[in-house]
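The numbering used here puts the sequence shown at residues 190 to 540. A virtual CB, placed ideally from N, CA and C, is assigned to each residue, including glycine.
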Amino acid sequence: MALQIFPSGFVAYPVPDFYGQFYSANATMAAAGHRVAFVFKAPKSGSIRTVHYRTVTVAIGDTVRVSIQGVNASGLPDGIVKGAGNAYFNSVIADTDDHIWKAGQLTADLPVTYMEPIAVDFSFPSYVAGNLNLYRLDKLFSGYQNSYYVGTFNGTTWTKSNSFLSVILEYDDGSFAFWGGWGVGGTSGGFSNITTVTEHGIYIQTPAQVEVSGLWFYGNYTDVFSLKLYDSDGSVLRSISFPAGFYYSNSSSAPVYEFFSTPVTLEPNTWYRAVLVPESSTNITVPNNNFPDAAMMACYIGGDKCYRTQKSSGVWSQDATVRPFLGLIISKIHDGAGSGGGAVGPFGTMR
């Protein structure tokens, strides 16, 4: 057997789940009784050891208790700390802890089973004067229905929101499990053909042989540019050029899907570069998702074999903690029979 076409014609990889569908917001804790909880399902069986989370602005720091609780019939934290009361830690958030990742180890490792409903709950164990925000992403379209969401408690009433927190679970074996979680968004800062960085994109492997028909990215552009696919030796396998003004609207960032004149086959477990190349002095901006540790990329769509590559002053460099919003358009994938097969996870994530 060999490469098989997707019934839909193609799939974007990594799946652009975030792009244009979510926006940054805050989950605020500013009074004694305030709580914030992220409700979702355990991404794999094992023992959770550490919880990583992200702050936004901190007006006044305080000590926050982070606990893992069960979920009641209303889909909210049940108030019972799991692991016989040991699945928690206290985390000191300082006044200066704006926009940083923090982490803490549970008092005891917490065994969980795959798809077990859990809630990561944030509260003040002994409120002093805290006024702080946790990083939350709200879903742009209210019609989304998911079994992961944020609950906020004002001291009296819980309110669910169509969003999720930047919370990442680390297991006792050091792994970070995939659940569709996100890092914290940022941008490339803008780059052109006269900036130090002249090419910007992803350094990527796929676990199976695939046919690539084009590239996609999410960004803001108003002038001529090209998209290029390189092999690991720096040879251009395919490219697409865009003339100036070849766009529908430049009023804001938007997804762009473009196809090569002919597809190209990529081999499994082999490095390639897919990049955006400005061809004028006009800046192009492309968002990124950023993680404090390269191993955390495993919890993000596409896994840890897909991260940023840049060419600066003619030299390529990589950053395994950053994921630009750019990827492959895959039209065929090997069926796994014979050579060229590979491990494929949930449809579209190909982990």
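Straight-line Cα distance separating residue j from residue i
i    : j    : result
D482 : V445 : 29 Å
D287 : V247 : 5 Å
T395 : I522 : 10 Å
Y208 : G503 : Interpretation of Y208 is limited by its pLDDT of 41, a score under 50 that renders its predicted location unreliable; no figure is taken from the coordinates.
N409 : T474 : 5 Å
G272 : S381 : 53 Å
D524 : D493 : 23 Å
N477 : N458 : 24 Å
P314 : A221 : 9 Å
V309 : F449 : 44 Å
P452 : Y461 : 15 Å
G531 : E456 : With a pLDDT of only 49 at G531, under the threshold of 50, the placement of this residue in the model should not be trusted; the figure read from the coordinates follows. Their backbone Cα atoms lie some 10 Å apart in a straight line.
S421 : I393 : 10 Å
F480 : Y496 : 11 Å
I269 : Y277 : 11 Å
V533 : A397 : Low confidence applies here, because V533 scores a pLDDT of 43, under 50, leaving its location unreliable; read the following figure in that light. Using only the alpha carbons, I get a separation of about 7 Å.
S352 : R325 : 7 Å
Y489 : D298 : 23 Å
A201 : F406 : 10 Å
V317 : T345 : 19 Å
T411 : Y419 : 24 Å
P467 : M486 : 27 Å
L517 : K500 : 19 Å
Y242 : Q193 : 40 Å
F365 : W290 : 15 Å
H223 : N215 : 14 Å
E400 : A484 : 28 Å
S350 : G423 : 46 Å
L329 : T341 : Here L329 scores only 49 on pLDDT, less than 50, and its place in the model is too uncertain to base an answer on.
V228 : S520 : 35 Å
S430 : A463 : 14 Å
W347 : S415 : 49 Å
A283 : P432 : 50 Å
G363 : T387 : 36 Å
Beta strand (DSSP E) segment containing residue i, residue limits
i    : result
H523 : 515–523
N279 : 277–282
H389 : 386–393
D310 : 306–312
W505 : 504–508
E359 : 356–360
D251 : 251–260
A463 : 461–467
V270 : 266–270
V425 : 425–431
F342 : 338–342
A226 : 224–230
N351 : Looking at the DSSP string, N351 is not in any beta strand (DSSP E), and its letter there is neither H nor E.
F414 : 414–420
T498 : 495–501
Contact belief for residue i with residue j at Cβ below 8 Å, rounded distance in angstroms
i    : j    : result
K230 : E305 : 6 Å
L404 : L515 : 7 Å
I357 : L295 : No, I357 and L295 are not in contact; Cβ-Cβ is about 14 Å, not under 8 Å.
S280 : V255 : 6 Å
L465 : H389 : 6 Å
V339 : A226 : 7 Å
L321 : D251 : 7 Å
S469 : V413 : 5 Å
V260 : A292 : With 8 Å as the limit, V260 and A292 do not qualify as a contact, their Cβ atoms being about 23 Å apart.
I189 : I383 : Given a span of 190 to 540 for the chain in the structure shown, any question on residue 189 remains unanswerable.
G235 : Y337 : In fact, because the Cβ distance is near 19 Å, the residues do not count as touching under 8 Å.
G491 : P203 : 3 Å
Counterpart residues of residue i in DSSP-defined beta bridges
i    : result
W405 : Y446, G516
I490 : DSSP lists no partner for I490.
E400 : T454, K521
M218 : L321
H241 : A292, I357
Y202 : L517
P300 : S236
The ligand ATP heavy atom lying under 7 Å from the CB of residue i
i    : result
A191 : The ligand ATP is not part of the structure shown, which contains no ligands of any sort.
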